[in-house]
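Quick notes on the structure that follows.
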Amino acid sequence: MAAEKLTKARLIQILFLMTVLITAFVWRTVTYDDNQPVDETAVRCQITAESCVIEGRENGIDLTLQPFPAKANSELVIQIGNVNVKPVATVEGVNMYMGTIPVIFEQKENSWLGKFSVPECVHDKMAWAITLKQGDKMVIADFTVEK
């Protein structure tokens, strides 16, 4: 294609397109929000001495992790003492992404038992977080797994 003369109509088209693109770029840059939404109603706790009781709620959630201390590549059982609503939970690594592990719950007497296992990490200790949703309540419980 041979070079064509820049006409007034082509110049207006180019300037109009540049104006639209610059406006879109500036608008996206100004309105960009880097913060990831964090559920403000989530309660965070650390499972240390085999249990993690969250208070300050209508019904406290009693969490128990067994065996304690947790070991990698072995079945872990989380017990929740509130049977009003079936919980939904996932486990994710805190300091290293190791995938999202679902927790499978079944009801036993006055509690829910969830079974899962976490893979072994290259480090001797790995921090994990259980994100537990039970009705409108959300709890994030941190725990450590050793090789």
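With my numbering applied, the sequence shown has no gaps in its numbers, which climb one by one up to 226 at the end.
Glycine included, each C-beta is placed from N, C-alpha and C at the ideal position.
All figures in this text were calculated on a predicted structure; none of them were measured in a lab.
- The closest CA to that of A168, considering only V182, G178, L155, Q158, is found on V182.
- The beta carbons of I157 and L144 sit closer together than 7 Å.
- The Cβ atoms of W207 and V218 lie no closer than 7 Å to each other.
- Judged by their CB atoms, Q125 and D221 are nearer to each other than the 7 Å cut-off.
- With contacts defined as CB atoms closer than 7 Å, N152 and E185 fail to qualify as a contacting pair.
- Counting along the chain, M97 sits inside the alpha helix (DSSP H) bounded by residues 87-110.
- Across the structure, H202 and L142 are spaced so that their CA atoms are roughly 26 Å apart.
- For P166, the number of other beta carbons within 10 angstroms of its own is at least 16, and it is reported as buried.
- Rounded to the nearest whole angstrom, the CA to CA distance from L85 to Q92 is 11 Å.
- Counting only residues of its own chain and dropping the five nearest sequence neighbours on each side, L211 has a CB closer than 6 Å to the CB of P166, A168, V218.
- Our two residues, M97 and L155, have alpha carbons roughly 58 Å apart in a direct line.
- A168 is bridged by DSSP to V182, L211.
- Taking K204 as reference, the option from K226, A82, R107 with the minimal CA-CA separation is K226.
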